[in-house]
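The structure appears right after this line, and notes come after that.
2 protein chains.
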Amino acid sequence: MTTPTPLTTDLYQLTMAQVYFRLGIHDRPAQFDHVFRSYPDYGSHQAGYCVAAGLEQLAEWVKLARFSDADIAYLAGLEGRTGPLFSADFLDWLRTVSFLDGLRVEAVPEGRVVHANAPMTVVTAPLAVAQILETVLLNLLNYPTLIATKASRVAGRARGRPVLEFGLRRGATGAGDPGARAALIGGATFTSNVSASQRAGIAPKGTHGHSLVQALMALGSGELGAFEAYADVYPDDCLLLVDTIDTIESGIPNAIRVFERLQKQGHVPVGVRLDSGDLAHLAVRSAHMLDEAGFPETTIVLSGGLDELSIWQILTQIDRESSRYGVDSTRLVERLSFGVGTSLITSEGASALDGVYKLVAIEADDGWRPAIKVSETPAKVPNPGRKQLVRLYDQRGVATADLLAVHDEDIGTMVSHQLLLRHPVDASTVRALEPAEVKSYETLLTTVIDDGSVVAEFPAIDVLRARCAADLERLDIGVRRLVNPHIYHVSLTERLWDLKQDLIATAR
Amino acid sequence: MTTPTPLTTDLYQLTMAQVYFRLGIHDRPAQFDHVFRSYPDYGSHQAGYCVAAGLEQLAEWVKLARFSDADIAYLAGLEGRTGPLFSADFLDWLRTVSFLDGLRVEAVPEGRVVHANAPMTVVTAPLAVAQILETVLLNLLNYPTLIATKASRVAGRARGRPVLEFGLRRGATGAGDPGARAALIGGATFTSNVSASQRAGIAPKGTHGHSLVQALMALGSGELGAFEAYADVYPDDCLLLVDTIDTIESGIPNAIRVFERLQKQGHVPVGVRLDSGDLAHLAVRSAHMLDEAGFPETTIVLSGGLDELSIWQILTQIDRESSRYGVDSTRLVERLSFGVGTSLITSEGASALDGVYKLVAIEADDGWRPAIKVSETPAKVPNPGRKQLVRLYDQRGVATADLLAVHDEDIGTMVSHQLLLRHPVDASTVRALEPAEVKSYETLLTTVIDDGSVVAEFPAIDVLRARCAADLERLDIGVRRLVNPHIYHVSLTERLWDLKQDLIATAR
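Chains A and B, in that order, are what the protein sequence lines are.
Residue numbering for the first sequence follows the numbering used here, starting at 368 and increasing by one per position.
Residue numbering for the second sequence follows the numbering used here, starting at 368 and increasing by one per position.
Printed below as a string of structure tokens:
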């Protein structure tokens, strides 16, 4: 990895840092919460949860990033209206900044389910350093969390069948690797992206595209010639794209001819990919033809404009249409894979996570003070101060709420009595939980960086994917549904609620 | 710039390349067209054109990319079901690949208006090399074109006032710089992204965020103290964010107090930024208060969830509401700037450009042969063969159509007679252009890379932005409108139409 530049930031982080420096408060410990305010809304369908991702990249960035001499020289050349924007003493200080020094990061680990208005990352650092971290932290965490979330929705509709991430061509320039990694965490089985696969330690997947068939057609060999050429090179990995001319009239019959030859030679053909047309109908017809030809085990990969809704619809249609062709729908589903491109890598319909990074506390001479921002929109008022975040599970082991408490509240004692859960905004909404309703609870924020070093372990992708699946299992099915999901409770303790109201009143 | 890895690709480009290698056709010249099929559709509004961007990055990539020993070693370790996926002789060849060798790239230059179904990039290269280029080319061009397009829409609604790109925190991880660059080409005036500004040679812009005010409030200085601290550091660049507590009750009055002090000290205050609430209403109220206080020249920056539609609406509301507060709406508009974040960097509502890269011709022993892909969707059938792309202008100097012709057709002669424009798909739609209706025409594709070297010049961002503005001026206003734009004609010559029909018939 190359050294990342801290110039990947918004200018105002640096101009604010200079004000802190001039006031002599740049070194004061401050706490910022990274929190998203709403779940992705894809228009016709909505998320009821998110999946955390990107933390390992944040830790890498923090370890490596430094203002280089070239960076400092560039900043020294920036002009305001009447002179240099940055003074020499500030730039001298900036040159010495190591982002790790005095940094503490607590975060909900990657792969875990996270909820709106509950901090997923908490940064404590010298004020100016924490300020400069804002932009890069949001750039490194918001997008992967968005994509892991989308992947979990897509994979959740695939009935356990493999989901292949195919989006590199359509994703944002340079975002292919973080996007693919997040997709793998959220539930994609493989990606076609070679570089991302290498980084993730997972085999890249893919077959061939239309151009192979087109090239051999233009050179006179036709689709069959293209399939034969592919089979000759990959006799044991032969998966053929069958829609360059016509799936049913040409592609499948030609694939079957090639599969028959492979079988005679002792090879096991892998399958076909359908990339256009009525995919459910073509899958049924293709399965029927492959069954009849003696290839009931071959895979059928579906691709082309897929997302969570279209996969759901395709499987529903297959359930209903298979019997008309004498195909067993259960067996057909068991041979499917789904290639998902654009909609996954761009989180189509909800192109950004609205994650923000807000100052919630700062250390004054007499100790920590909570910070607030009042807003005309009550939901945008941050939950102030240093806090704990715990997830409460009911008797079934289902997550029933995420609870935000003041940092020194004793959660163990609280859950042994009746616990009042305050809605973060609406004063009239209070939910009472009896001790019998809370089977267990857990702290969600774990320490990632402390006292100048990265202390968290970053597990392999398959561990993160399993962690995500386990969290989804413990989520109410209503929260997981695709359309109009149940609202998961993120609540405040009475004490935190009171603190928030006091600060709002004081600010106003 | 670090050496880019060609592993930023889909696996199937490499598996196909190996098939070409095995067949001995990997070195045959082949032509691929990069073309998008439809304009971005944002849901409630739609684009009628796009703005090309990303080409300079493609040229850089092609110059620098090489398969490193580590890349080759990684590929050598990839396993199929029964053995290595790639053979040693193919990997030996891959190691020798220089993407520039034998490469020719023609493209519509950056900043120019481009249209659906007209190739914006044409690659001619040895078949296997051209194939491997597909993914990276699409990754480097689709997203910037999408963002330049969005920027041109946003800037087009800003009545000539500055548009500031603010999206780094919400854009895809790693895509901040290409996104900001594209936004600048399409019409954004500045970006807050320091790194992108540095690369573009444009000053980064920004002021301060809520955290500065929050921190000083928590430390006892209040909003006024924060404003004073900022003004002390930036007396001649003082632009204050006024919505941390309440824009009208607190922010503007405090800003005015600070501006009065600055003025007494001989400084010229810059202005205020409004980031929440009813921005049109608050802009009018703020302008009124600033006017009354003797600061009629101060800037008012609006930000927070802006896009082309909301800017349009804000300006419409300002036109109507200003007089109620005795504010001159024309003068108010002239002091506005717009900060646009999420919607611009993510092209909210249309998160991907559907740009594809399709084989259209390949050289056989007897010369070039056109290639085709038949599809169940007629609009997805590529226009085959080696082609020319010209833009026709009418007597007003307005672009009237983009015309695709076979590579050796004589356009000059054609426009001196009645010219038949064929719809690319619909046989019954033919438009006749008389010579008097074509005032001029120009070739759109220019040579970027030829014979192993980059031959195009890549102008500075302001040149590209001016080029974009000039093309927009020559576009029919109906094509430019935000909602339900007029469909611009992209047409085929009779000869190209006949060639396409022949190839489709033969393929079927």
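Ideal placement from N, C-alpha and C gives every residue a C-beta, glycine not left out.
Open item on the list: Taking 8 Å as the threshold (beta carbon to beta carbon), is residue 829(A) in contact with chain B?
Closed with: In the first sequence, residue 829(A) corresponds to position 462, counting from 1. Output row for residue 829(A): interface = no.
Open item on the list: Rounded to the nearest angstrom, what separates residue 625(A) and residue 814(A) at their Cα positions?
Closed with: Reading the first sequence from its first residue, position 258 is the one you call residue 625(A). Reading the first sequence from its first residue, position 447 is the one you call residue 814(A). Near 56 Å, if we compare the C-alpha coordinates of residue 814(A) and residue 625(A).
Task: Residue nearest to residue 653(A) in terms of C-alpha spacing, selected from 577(A), 630(A), 623(A), 432(A) - done: As a position in the first sequence, residue 653(A) is number 286, starting the count at 1. When each option's Cα is compared against that of residue 653(A), the closest is 623(A).
- [ ] Verify whether the separation of the beta carbon atoms of residue 398(B) and residue 728(B) is less than 8 Å.
- [x] Along the second sequence, read from residue 1 onward, the residue named residue 398(B) stands at position 31. Along the second sequence, read from residue 1 onward, the residue named residue 728(B) stands at position 361. Contact flag set, yes.
- [ ] Measure the C-alpha to C-alpha separation of residue 739(A) and residue 384(B) and round it to an integer number of angstroms.
- [x] Numbered from its first residue, the first sequence carries residue 739(A) at position 372. Numbered from its first residue, the second sequence carries residue 384(B) at position 17. For residue 739(A) and residue 384(B), the distance between alpha carbons rounds to 58 Å.
Task: Inter-residue spacing [alpha-carbon to alpha-carbon] between residue 875(B) and residue 488(A) - done: To locate residue 875(B), count along the second sequence from 1; it is residue 508. To locate residue 488(A), count along the first sequence from 1; it is residue 121. If I take the Cα positions, the gap works out to 57 Å.
Task: residue 726(B) to residue 438(B) span [Cα, whole Å] - done: As a position in the second sequence, residue 726(B) is number 359, starting the count at 1. As a position in the second sequence, residue 438(B) is number 71, starting the count at 1. C-alpha separation (whole angstroms): 26 Å.
Task: Counterpart residues of residue 558(A) in DSSP-defined beta bridges - done: Here residue 558(A) is taken as the residue at index 191 of the first sequence, counted from 1. Looking at the DSSP assignment, residue 558(A) forms a beta bridge with 532(A).
Open item on the list: Let me make sure I understand the geometry here. Which of 601(B), 706(B), 589(B) has the alpha-carbon closest to that of residue 642(B)?
Closed with: Taking the second sequence and counting its residues from 1, one reaches residue 642(B) at position 275. Taking only the C-alpha atoms, the option nearest residue 642(B) is 706(B).
- [ ] For the segment 464-475 of chain A and the segment 424-431 of chain A, state whether three or more C-beta atom pairs, one from each stretch, are separated by less than 8 Å.
- [x] yes
- [ ] May I ask you to report which of helix, strand or coil DSSP gives residue 856(B)?
- [x] Residue 856(B) sits at position 489 when you count from the first residue of the second sequence. The answer is coil: DSSP assigns residue 856(B) none of H, G, I, E or B.
- [ ] Please classify residue 694(B): is it buried, with 16 or more other beta-carbons within 10 angstroms of its beta-carbon, or exposed?
- [x] In the second sequence, the residue the question calls residue 694(B) occupies position 327. Buried.
TODO: Assess, as a yes-or-no matter, whether the segment 712-724 of chain A is touched by the segment 555-569 of chain B under the definition of 3 or more beta carbon pairs within less than 8 Å.
DONE: no
Open item on the list: Closest to residue 443(B) by C-alpha separation, out of 508(B), 758(B), 457(B), would be which residue?
Closed with: Here residue 443(B) refers to the residue found at position 76 when the second sequence is read from its first residue. Checking every option, the nearest Cα to that of residue 443(B) belongs to 457(B).
Open item on the list: Quick check on the DSSP output: what are the complete beta strand (DSSP E) runs of length 3 or more inside the segment 475-519 of chain B, in order along the chain?
Closed with: 488-493
- [ ] Could you tell me which uninterrupted alpha helix (DSSP H) segments, each at least 4 residues in length, are contained entirely in the segment 781-867 of chain A, listed from first to last along the chain?
- [x] 828-840, 844-847
TODO: Quick one: grab the DSSP three-state call for residue 429(A).
DONE: On the first sequence, residue 429(A) is found 62 positions in, with the first residue counted as 1. Helix at residue 429(A).
Task: Positions along the segment 730-752 of chain A whose CB lies within less than 8 Å of some CB in chain B - done: 731, 736, 737, 738, 739, 740, 741, 742, 743, 744, 747
Task: Supposed close pair residue 477(A), residue 831(A) - CB separation, criterion 8 Å - done: Position 110 of the first sequence, counted from the start, is the residue given in the question as residue 477(A). Position 464 of the first sequence, counted from the start, is the residue given in the question as residue 831(A). Correct: roughly 5 Å between the Cβ atoms.
- [ ] Determine whether the Cβ of residue 447(B) lies closer than 8 Å to any Cβ atom of chain A.
- [x] Translated into the one-based positions of the second sequence, residue 447(B) becomes position 80. Closer than 8 Å to some Cβ of chain A, the Cβ of residue 447(B) qualifies, so yes.
Open item on the list: Extract the residue ranges of the beta strand (DSSP E) inside the segment 600-637 of chain A, only unbroken runs of 3 or more that lie entirely within it.
Closed with: 606-608
Task: Within 8 Å of chain B by C-beta, residues of the segment 536-550 of chain A in sequence order - done: 536, 537, 538, 539, 540, 541, 542, 543, 544, 545, 546
Open item on the list: Check this for me: beta carbons of residue 621(B) and residue 659(B), under 8 Å apart or not?
Closed with: Along the second sequence, read from residue 1 onward, the residue named residue 621(B) stands at position 254. Along the second sequence, read from residue 1 onward, the residue named residue 659(B) stands at position 292. The answer is no: Cβ separation not under 8 Å.
TODO: Return helix, strand or coil for residue 358(B), following the three-state DSSP convention.
DONE: Residue 358(B) lies beyond the residue range present for chain B, which begins at 368 and ends at 875; the question has no answer from this structure.
Open item on the list: Just checking: is the beta-carbon of residue 656(A) within a distance shorter than 8 Å of some beta-carbon in chain B?
Closed with: Sequence index remark: in the first sequence, residue 656(A) carries index 289 (1-based). Residue 656(A) does not count as touching chain B.
Task: Pair within 8 Å by beta-carbon distance, residue 507(A) and residue 573(B) - done: Locating residue 507(A) in the first sequence gives position 140, counting from the first residue. Locating residue 573(B) in the second sequence gives position 206, counting from the first residue. Their beta carbons are not under 8 Å apart, which means residue 507(A) does not touch residue 573(B) by this criterion.
Task: Where residue 868(A) meets chain B, residues with beta-carbon distance less than 7 Å - done: As a first step, residue 868(A) must be located in the first sequence, where it is residue number 501. Per Cβ cutoff of 7 Å: no residues; residue 868(A) is ~16 Å from chain B at best.
Task: Contact with chain B by residue 804(A), beta-carbon distance below 8 Å - done: In the first sequence, the residue the question calls residue 804(A) occupies position 437. No, no contact with chain B.
Open item on the list: Can you pull the chain B neighbours of residue 591(A), defined as C-beta to C-beta under 9 Å?
Closed with: Looking up residue 591(A) in the first sequence gives position 224. Here the premise fails: no neighbours, minimum Cβ distance about 13 Å.
Open item on the list: So, at 6 Å on beta carbons, what are the nonlocal neighbours of residue 872(A) in its own chain, with the 5 sequence-adjacent residues on each side left out?
Closed with: What you label residue 872(A) is simply residue 505 of the first sequence in a count that begins at 1. None.
- [ ] Quick one: grab the DSSP three-state call for residue 695(A).
- [x] Within the first sequence, the letter at position 328 stands for residue 695(A). Coil at residue 695(A), not helix or strand.
Open item on the list: Closest to residue 732(B) by C-alpha separation, out of 583(B), 396(B), 859(B), 592(B), would be which residue?
Closed with: By 1-based counting over the second sequence, the position of residue 732(B) is 365. It is 396(B) whose Cα lies nearest to the Cα of residue 732(B).
- [ ] Mind reading off the beta-carbon distance from residue 512(B) to residue 771(B)? Whole number of angstroms is fine, and I expect it under 8 Å.
- [x] Here the question's residue 512(B) lines up with position 145 in the second sequence. Here the question's residue 771(B) lines up with position 404 in the second sequence. Actually they are not in contact, since the Cβ atoms of residue 512(B) and residue 771(B) sit about 19 Å apart, beyond 8 Å.
TODO: Grab me the residues of residue 853(B)'s own chain with a C-beta within less than 7 Å of its C-beta, minus the 5 sequence neighbours each way, in chain order.
DONE: Reading the second sequence from its first residue, position 486 is the one you call residue 853(B). Contacts found: 415, 843, 845, 846.
Task: Residue interval of the alpha helix (DSSP H) (run including residue 709(A)) - done: For this step, residue 709(A) is matched to residue 342 along the first sequence. Element bounds for residue 709(A): 709-712.
Open item on the list: Between residue 375(A) and chain B, is the shortest Cβ-Cβ distance under 8 Å, so that the two count as touching?
Closed with: If you number the first sequence from 1, residue 375(A) lands on position 8. Yes, contact with chain B.
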